Amino acid sequence: MLPRVRATVPPDLTDFDSWELEIGFGGGEHLAARAAAHRDVGFLGAEPFLNGVSMLLQAIDRESLTNVRIWPEDARLLLDALPDASMSRIYLLFPDPWPKRRHEKRRFLQTEMLDVFARVLKSGGELRFASDHPDLMDWMLARADAHAAFTGGLVEAEAIGTRYERKNLARHPARYAAYRRF
Numbered sequence: 031m032l033p034r035v036r037a038t039v040p041p042d043l044t045d046f047d048s049w050e051l052e053i054g055f056g057g058g059e060h061l062a063a064r065a066a067a068h069r070d071v072g073f074l075g076a077e078p079f080l081n082g083v084s085m086l087l088q089a090i091d092r093e094s095l096t097n098v099r100i101w102p103e104d105a106r107l108l109l110d111a112l113p114d115a116s117m118s119r120i121y122l123l124f125p126d127p128w129p130k131r132r133h134e135k136r137r138f139l140q141t142e143m144l145d146v147f148a149r150v151l152k153s154g155g156e157l158r159f160a161s162d163h164p165d166l167m168d169w170m171l172a173r174a175d176a177h178a179a180f181t182g183g184l185v186e187a188e189a190i191g192t193r194y195e196r197k198n199l200a201r202h203p204a205r206y207a208a209y210r211r212f
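Just so we're on the same page, my numbering is the position in the sequence shown counted from 1, plus 30.
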């Protein structure tokens, strides 16, 4: 099934007028639920880990989703190939926190990545991110707040939860943010 839904580089975005990208979709619960609820929107999911890709493929088959494309490699390769102003929304949910100070450069949401997000998001498009790691969330919020192309802040959680979110919610409450592209 993967060859049928595998995203290409550059991706073919002609099937739908609106596209959303989820980076690091984990088990794919969030992406599959959004795709099922919005069948007129195209969804790109980037996830390098085979178990997550396999779980999303099962959901695509179970829900008969025809609006999902999977990029089973590093998301940066896909982002570099996306046309300007091609995405309506980008999700980065519960990325690896890289909690040690010396590892901060490995965090996905860097100023340079915000520049890429600003390029690929349509005007009025939205970047949504979440974390249950307080230091990481503060770090991401500070970078998004400082970026000239975005305005936003903390928001309520979406109704769609993930397995990871449910497992950790009791121990580590999550925070959610939404930033609109000027």
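Idealized CB from N, CA, C, for every residue including glycine. These figures come from a predicted structure and were not determined experimentally.
Helix, strand or coil at TRP128 [DSSP, three-state]: Coil.
Measure the beta-carbon distance from PHE180 to ARG210 and round it to whole angstroms, keeping in mind my assumption that it falls under 8 Å. That belief holds up - the Cβ atoms of PHE180 and ARG210 are roughly 7 Å apart, short of 8 Å.
Find the nearest neighbour of ASP165 within the set ARG201, GLY182 and PRO127, judged by alpha-carbon distance. Among ARG201, GLY182 and PRO127, the Cα nearest to that of ASP165 belongs to PRO127.
Can you list the alpha helix (DSSP H) stretches of 4 or more residues lying completely in the region 153-195, in chain order? Listed in chain order, the complete alpha helix (DSSP H) runs (minimum 4 residues) inside the region 153-195 are 164-176.
Proximity below 9 Å, CB of ASN97 to CB of ASP70: Yes, Cβ-Cβ distance for ASN97 and ASP70 is below 9 Å.
Other residues of its chain near GLY82: CB distance less than 7 Å, five sequence neighbours each side excluded: Excluding five sequence positions before and after GLY82, the CB atoms of its chain that fall closer than 7 Å to its own CB belong to PHE55, GLY56, GLY57 and GLY58, given in chain order.
My output table needs one value for VAL35: the three-state DSSP class, helix, strand or coil. In the structure shown, the three-state DSSP call for VAL35 is helix.
Near PHE138, which residues of its chain fall below 6 Å by C-beta distance, leaving aside the five closest residues on each side in sequence? Excluding positions up to five away in sequence, the list reads PRO125.
Closer than 6 Å by C-beta to GLY146: which residues in its own chain qualify, once you throw out the five before and the five after it? Chain order, please. Note that residue 146 is Val in the sequence shown here, rather than Gly. Only LEU109 meet the Cβ criterion.
Quick one: is GLU52 buried, meaning 16 or more other Cβ sit within 10 Å of its Cβ, or exposed? Looking at its Cβ environment, which holds 16 or more other Cβ atoms inside 10 Å, GLU52 is buried.
Under DSSP, the beta strand (DSSP E) around VAL71 begins and ends at which residues? VAL71 -> no beta strand (DSSP E), and no H or E assigned at all.
Since PRO41 contacts LEU74 with CB under 8 Å, what's their CB separation in whole angstroms? So it is a contact: roughly 7 Å between Cβ atoms.
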